[in-house]
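Here my numbering is used: the first residue of the sequence shown is 22, the next is one more, and so on.
We put the beta carbon where it would ideally sit given N, CA and C, even for glycine.
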Amino acid sequence: MTETRHDWTVEQARALYELPLTELTFRAQTVHREFHPPDAVQLCTLLSVKTGSCPEDCAYCPQSARYDTGLRSQRLLDVDEVLERAAQARDAGASRFCMGAAWRGPKSGSAQFERVLDMVRGVRALGMEACATLGMLDDAQATALADAGLTAYNHNLDTSEDYYGEIITTRTYADRLDTIRRVSNAGISVCSGGIIGLGEAEDDRLAMLVTLANLDPQPESVPINALVPVAGTPLADRAPVDPIEMARMCATARLMLPRALVRLSAGRAELSVEAQMLCFVAGANSIFFGDTLLTTGNPARDKDLAMLRAAGMRALDPKDRETGAPARARPLPA
Ligand code: SAM
Ligand code: DTB
Ligand code: SF4
């Protein structure tokens, strides 16, 4: 049985990342089968519940108030509208519903935070896993989200500690790790990953995976995003990510975080079906499913279902938190 290690070094990560692709994918596949059904992909649907006008300066993000990206800001949606969208996502085949807010963090005790807690309770009552990404949390907010039944909280490290200051100046890497710790202490699963294609070096990508793998417990899910360059942001002109590098990231994440869901996240619309298949072969077992991410495009549902069907893949039925029954594959939706 492959052990989950928390003592990874960048050198060890690089030794995996730089293996011949055939060897790397073989090893990733081998580990994948120990912990996950090899033919199942988790289907998560995203919804931006509060869009734009964000006070943070993340250089990749179309939602920062600092950049003119032509995005229309939108205040926090009503609970009913969110639950209608969640029910549609469930009926379309998604098992997890992820709600994103363009905030530095929620305001404690505010009507808005209370509304988000109602959204979480409502999504759980629909029989779905609920995930939220709302920025930085304090302990009381993490506990309130846990009490509302939140399954997972997404808070990405995005890149290495060394490169972080090139991308974001309005918060620190330590702030990020603090929120992750609070989420974990509150008993919520941590979803944390990052973005490649920001202009970082290979070692920055690997240092990020090392930090994630050395968290104890390791994150339950690890989104691997390829930068979606958006006009008006400082990173608008970054070169497209090489699909082989995306596959290498997925495989290295699979090997270092063997139990995690590795999510092939933003940037899928720019990847061919074959490149995405390579990422699944490399150990990715989760996608964002639905026509949009937060503010940018994602492959259409029908296209994704056709891709998964052509490969004989199925949907991942979540692990049952109450009984501990393991995740299983279930048929794709019609
Ligand atoms: N405001 C919260 C925060 O930053 O924690 C939550 C929402 S934020 C949009 C969630 C994540 O989306 C970011 O951490 C980043 O990894 C990803 N993201 C945002 N814009 C992106 C882009 N243009 N390309 C790829 N990933 C992006
Ligand atoms: C994650 O790692 N990627 C998602 C989700 N977590 C919240 C967001 C991707 C956003 C891509 C740009 C956009 O659509 O605004
Ligand atoms: Fe705001 Fe999150 Fe975008 Fe950063 S990534 S600008 S915190 S919405």
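Cβ separation of residue i and residue j, assumed to be a contact under 8 Å, to the nearest whole Å
| i | j | result |
| --- | --- | --- |
| V410 | L158 | The requested residue 410 is not part of the displayed model; the chain covers only 22 to 355. |
| N246 | S286 | 4 Å |
| T180 | G215 | 6 Å |
| A115 | C82 | Incorrect: roughly 24 Å between the Cβ atoms, too far for contact. |
| V211 | E241 | 6 Å |
| P127 | Q162 | 6 Å |
| P264 | L292 | 6 Å |
| L278 | L233 | 6 Å |
Close Cβ partners of residue i (< 7 Å) along its chain, the five nearest in sequence each way excluded
| i | result |
| --- | --- |
| R335 | D60, A61, A350, R351, P352 and L353 |
| A86 | S74, C75 and P76 |
| P320 | R289 and A290 |
| R96 | K71 |
| I209 | A163, L166, A167, L171, A173 and Y174 |
| Q63 | S116, R117, L282, N306, S307 and L337 |
| D78 | S85, R87, I189, T190 and T191 |
Pick from the options that is closest to residue i, judged by C-alpha positions
| i | options | result |
| --- | --- | --- |
| T172 | R284, C212, E150 and S131 | E150 |
| P339 | P279, G214, G304 and G148 | G148 |
| L45 | A146, A132, G304 and A108 | G304 |
| L227 | T25, E24 and T30 | T30 |
| A222 | D101, F118 and M270 | M270 |
| R136 | L104, V283 and L37 | L104 |
| T273 | E39, Q63, G130 and C79 | E39 |
| A254 | V262, A146 and T90 | Per the sequence shown, residue 254 should be read as Thr rather than Ala. The shortest C-alpha separation from T254 is found at T90. |
| A80 | G318, A257 and A331 | A257 |
| M120 | R35, T316, F301 and T51 | T316 |
| A107 | T23, R93 and L67 | L67 |
For residue i: DSSP bridge partner residues
| i | result |
| --- | --- |
| S85 | C75 |
| Q95 | T72 |
| S61 | The sequence given here places Ala at residue 61; Ser does not occur at that position. Answer is R335. |
| R351 | A336 |
| S116 | Answer is none; S116 lacks a bridge partner. |
| T66 | F118 |
| V52 | In DSSP, V52 forms no bridge with anything. |
| V243 | V283 |
Cut-off 6 Å between Cβ atoms - residues of its own chain near residue i, not counting five sequence neighbours on either side
| i | result |
| --- | --- |
| T164 | A207 |
| D139 | V100 |
| F56 | P279 and R280 |
8 Å CB neighbourhood of residue i in its chain, flanking five on each side removed
| i | result |
| --- | --- |
| D237 | H27 |
| A122 | S69, V70, K71, L97, V137, A153, T154, L155 and G156 |
| D196 | M157 |
* Only counting runs of 3 or more residues, tell me where the beta strand (DSSP E) segments fall wholly within the segment 121 to 193, in order along the chain. => 150 to 154 and 173 to 175
* Output the residue ranges of the alpha helix (DSSP H) runs that lie fully inside the segment 199 to 237 and measure 4 residues or longer, sorted by chain position. => 223 to 234
* What are the start and end residues of each continuous alpha helix (DSSP H) run of 4 or more residues lying completely inside the segment 262 to 349, in chain order? -> The qualifying runs are 264 to 277, 294 to 302 and 322 to 331.
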